[in-house]
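**Student:** Dropping a structure here in structure tokens format, bear with me for questions.
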Amino acid sequence: MKLKSSGTFVIGHINPDMDAVASAVGYAWLLRERDGTNAIAARAGHLNPQTRWVFDRLQLEPPILLTDASPRFEAIARRFDTTTPERPLREAWAIMNKTNSSVPVVNPDGTPYGLVSAMSLFQSFQKHIGAHPRREDMRIGEIFDIPCAEACDVDVPRFPAYGRIRDSLRHILREERDEFWVLDDDGRYLGICSQRDILNPPRYRLILVDHNEPGQAIAALDEAELIEILDHHRLGNPPTNIPIRFSVDVVGSTCTLVSERISEAGLSAPPALAGLLLGGLLSDSLILTSPTTTERDHAAAARLARWAFVGGSPLAGETIESYGEQLLDAGSGLSSRSPEEIVSADYKQYQSNGMKFGIAQVEVTNLRELHEHQDELSEALVKLQERKGL
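Shown next as structure tokens:
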């Protein structure tokens, strides 16, 4: 997972459906346009066939994949100036005076050789002065002429940039060193991190959309900084250390809430984004026929259609009904997927009154198709129940 922890990530639930992904993209866009926030849309899992179809139809790139909010080493890596093993020690000394930190000594291919630290310098001075036949006459300049390779700590632990800090914490706490290598995927120097930064890394800033229960959120939610929730489901929100913005409303789709906020800000979504939000709304409300559909959903659909169906847009000439039917067709079709994939694609887990249970849903265009696969789907549900301990 190659992404920086800077910025605010807007993300839906695991096993994301159309509404979870579309509302994340739409709300991140609004925060950037309205507030100038560095908001980044993310998804907590792979796109289902329906959502993939919408992104392809609208010629949009899906949001980045973020499945774990645990801080990574890349977030605390500092890229100091480097030298090479054969260069004189005076070069490392000059860098050290500028940075007040250990100096990375890097091989020509970018891989780490060692760190010139205060301790390794002291040990090098002790070694060379102690071995000199006339050490009282030895000049400091002679010591700084030795190659950096002779004054390096070559046993400094190395950590992958995108590795989770918490997985290496015990190892780090047993170390007497204060600074460590951070390497890229190819084992090349990316930066140096300190033990102080490791113990207090910057946390991911998260806005949750289309869910508010920890069991439906990405892993390590407790290690992130939760700053806002925008949802339309029942309450089951996690505890927070500070007050946050929390909006849960009685509508059929989180995309409805996003579209209302866009309108309240005096903005209009670009046609492709409007089509994405409309897709999320129509998917969650089954083309505005679901019992959870409200008048606000109807108004939001009309508003988004006005923005999305303009001439020259990917959805030019469509209607709410025609677009919705195509969207539902793209998400149906039980024969093309395994029973295990079907029951886990749109699965949410809940806990109430001491009972843990899950709900899996799938959309079909006719009940005959469901009856044809009922037995194998029932078997898959039993396996899912056993695997999740429900």
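So the sequence shown is residues 1299 to 1688, counted in this note's numbering.
C-beta atoms are modelled at their ideal positions from N, C-alpha and C, and glycine is treated no differently.
#1: Run the CB neighbour count on H1530, radius 10 Å, all protein chains shown included, and call it buried at 16 or more, exposed below.
#2: Is it the case that the Cβ atoms of G1550 and T1617 are separated by a distance below 7 Å?
#3: With a threshold of 16 other CB atoms inside 10 Å of the CB of E1677, please say whether the residue is buried or exposed.
#4: Considering Cα atoms alone, identify which of D1508, E1674, I1527 and P1536 is closest to E1521.
#5: On the CB-based measure, 16 or more other CB atoms within 10 Å of its CB, does E1372 come out buried or exposed?
#6: Report the residue from Q1493, A1459 and Q1672 whose alpha carbon sits nearest the alpha carbon of V1480.
#7: Report the residue ranges of all beta strand (DSSP E) runs contained in full by the stretch 1428 to 1505; include only those spanning at least 3 residues, in chain order.
#8: Does the Cβ-Cβ distance between G1310 and A1322 come in under 7 Å?
#9: Take F1378 as the anchor and find which of L1363, K1396 and R1370 has the nearest alpha-carbon.
#10: Taking only runs that begin and end inside the stretch 1606 to 1660, name each unbroken beta strand (DSSP E) of 3 or more residues, in chain order.
#11: With a cut-off of 8 Å, do at least 3 Cβ pairs link the stretch 1310 to 1319 to the stretch 1550 to 1567?
#12: Considering only the beta carbon of each residue, do F1442 and R1388 sit closer than 7 Å?
#13: I need the DSSP call for G1573, collapsed to helix, strand or coil.
#14: Cutting at 8 Å between CB atoms, please list the residues of its own chain near I1542, excluding the five before and the five after it.
#15: Would you identify the three-state DSSP class for H1669, choosing helix, strand or coil?
#16: Can you tell me whether M1299 is buried or exposed, with buried defined as 16 or more other CB within 10 angstroms of its CB?
#17: Is S1545 helix, strand or coil when you go by DSSP?
#18: Given that a residue counts as buried once 16 or more other Cβ atoms are within 10 Å of its Cβ, and exposed if not, what is H1614?
#19: On the criterion of 16 or more Cβ atoms from any shown chain inside 10 Å, does P1410 qualify as buried, or is it exposed?
#20: Judging by CA-CA distance, which residue of T1365, P1360 and I1444 is the nearest neighbour of T1382?
#21: How many Å lie between G1412 and P1360 at the Cα?
#22: Based on the DSSP secondary-structure assignment, which residues constitute the bridge partners of I1560?
#23: Just how far apart, CA to CA, sit K1646 and I1560?
#24: Going by the beta-carbon positions, is the gap between T1380 and T1335 smaller than 7 Å?
#25: With a threshold of 8 Å on Cβ separation, who are the neighbours of D1366 within its own chain once the five nearest residues in sequence on each side are excluded?
#26: Find out if the Cβ-Cβ distance for the pair L1602, L1565 is shorter than 7 Å.
#27: Whose CA, out of V1660, F1655 and A1567, lies closest to the CA of R1332?
#28: Going by DSSP, what residue range makes up the beta strand (DSSP E) through A1318?
#29: Taking L1626 and I1585 to be in contact with their CB atoms under 8 Å, please state how far apart those CB atoms are, rounded to whole angstroms.
**Tutor:** Quick answer:
#1: Result: buried.
#2: Note that the C-beta distance between G1550 and T1617 is not below 7 Å.
#3: Burial call: exposed.
#4: Of the listed residues, the one whose Cα sits closest to E1521 is P1536.
#5: Buried is the call here.
#6: Selected option, being the one with the closest Cα: A1459.
#7: The qualifying runs are 1456 to 1458, 1477 to 1481 and 1487 to 1492.
#8: Yes; because the gap between Cβ atoms is below 7 Å, this pair is in contact.
#9: Cα-wise, what sits closest to F1378 is K1396.
#10: List check, beta strand (DSSP E) in window: 1645 to 1650 and 1653 to 1658.
#11: A contact exists between the stretch 1310 to 1319 and the stretch 1550 to 1567.
#12: Yes, the Cβ-Cβ distance between F1442 and R1388 is below 7 Å.
#13: Three-state result, G1573: helix.
#14: The answer, listed in chain order, is L1524, I1525, E1526 and I1527.
#15: Helix at H1669.
#16: Because M1299 sits at a pLDDT of 43, beneath the cut-off of 50, its placement in the model cannot be relied upon, and the point is left open.
#17: If DSSP states are grouped into helix, strand and coil, S1545 belongs with the strands.
#18: The residue you asked about is not His; residue 1614 is Ala in the sequence shown. Counting Cβ neighbours within 10 Å, A1614 comes out exposed, since fewer than 16 surround it.
#19: By the Cβ-count criterion, P1410 is buried, with 16 or more other Cβ atoms from all chains shown falling within 10 Å of its own Cβ.
#20: It is I1444 whose Cα lies nearest to the Cα of T1382.
#21: Spanning the alpha carbons of G1412 and P1360 requires a straight line of approximately 41 Å.
#22: None; I1560 has no bridge partner.
#23: Between K1646 and I1560, the C-alpha separation is close to 28 Å.
#24: No, Cβ-Cβ distance for T1380 and T1335 is not below 7 Å.
#25: Closer than 8 Å at the Cβ level, and outside the excluded window around D1366, lie M1299, R1462, I1516, A1517 and A1518.
#26: With contacts defined as CB atoms closer than 7 Å, L1602 and L1565 fail to qualify as a contacting pair.
#27: Of V1660, F1655 and A1567, the residue nearest in Cα terms is A1567.
#28: Per DSSP, A1318 belongs to no beta strand (DSSP E); it is in the alpha helix (DSSP H), M1316 to L1328.
#29: With 8 Å as the limit, L1626 and I1585 qualify as a contact, their Cβ atoms being about 7 Å apart.
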